[in-house]
Amino acid sequence: MAALLRTPAAAPPAPVAKPLLTPAEQVALDLIETALPHCRVHAQVAMGALLSPPRHEGRRRAADRNIFSQKIVDFVIQSRADGRVLALVELDDRTHRRARDVARDVMTAKAGYRTIRLVAGQRLSSASVTAATAFLNGSP
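Note that the sequence shown covers residues 1 to 140 in our numbering.
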């Protein structure tokens, strides 16, 4: 009887589009692409596209995947020559928390990825990005 008295649930609100990148991320993307013209730069990449959970069965595998499945990498640097992921780039601003960042870096390092951390704001410049990515200039 109680089910008959319920009013129908309102439809959920329609999602609203938002910009893919923040202004700071757009500046960083431009600087990275300028510093690494021989590379592809992908923005806002799901960690699930870069990582797989260890081979476990059932719930354990799902639990391991949940550790990273909702996380996003700011930028992925990819070799144009062979498609290899050369590095991950995180743009750190006032919202980043050091302990959480270290845990993310450890997780991606275990999978073989190197993370470059750039500081957003006035410290982000052509010179700082070129210096941080210099080791990639020998990459095909």
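We treat Cβ as the ideally placed atom computed from N, Cα and C, and that holds for glycine.
Residue environment, Ala227, which counts as buried when at least 16 other CB atoms sit within 10 Å:
No answer is possible for residue 227: the residues shown for the chain start at 1 and end at 140.
Discussion item. Whole angstroms are fine: how far does the CA of Ala9 sit from the CA of Val106?
Written reply: Taking the straight line from one Cα to the other gives about 44 angstroms.
Query - The alpha helix (DSSP H) enclosing Ala49, as first and last residue numbers - result: No alpha helix (DSSP H) contains Ala49, which DSSP labels as neither H nor E.
Leu91 and Ala28 look like a contact to me (Cβ under 8 angstroms); what is the Cβ gap, rounded to whole Å?
About 5 angstroms separates the Cβ atoms of Leu91 and Ala28, confirming a contact at the 8 angstroms cut-off.
Quick one: Cα of Arg104 to Cα of Ala11, how far? Answer to the nearest angstrom: the Cα atoms are 37 angstroms apart.
Could you pull the DSSP bridge partners for Glu90 from this structure? For Glu90, the beta-bridge partners assigned by DSSP are Arg117.
| Under the rule that 16 or more other beta-carbon atoms within 10 Å means buried, what is Thr34, buried or exposed? | Counting other Cβ atoms within 10 Å of its Cβ, Thr34 stays below 16 and is therefore classed as exposed.
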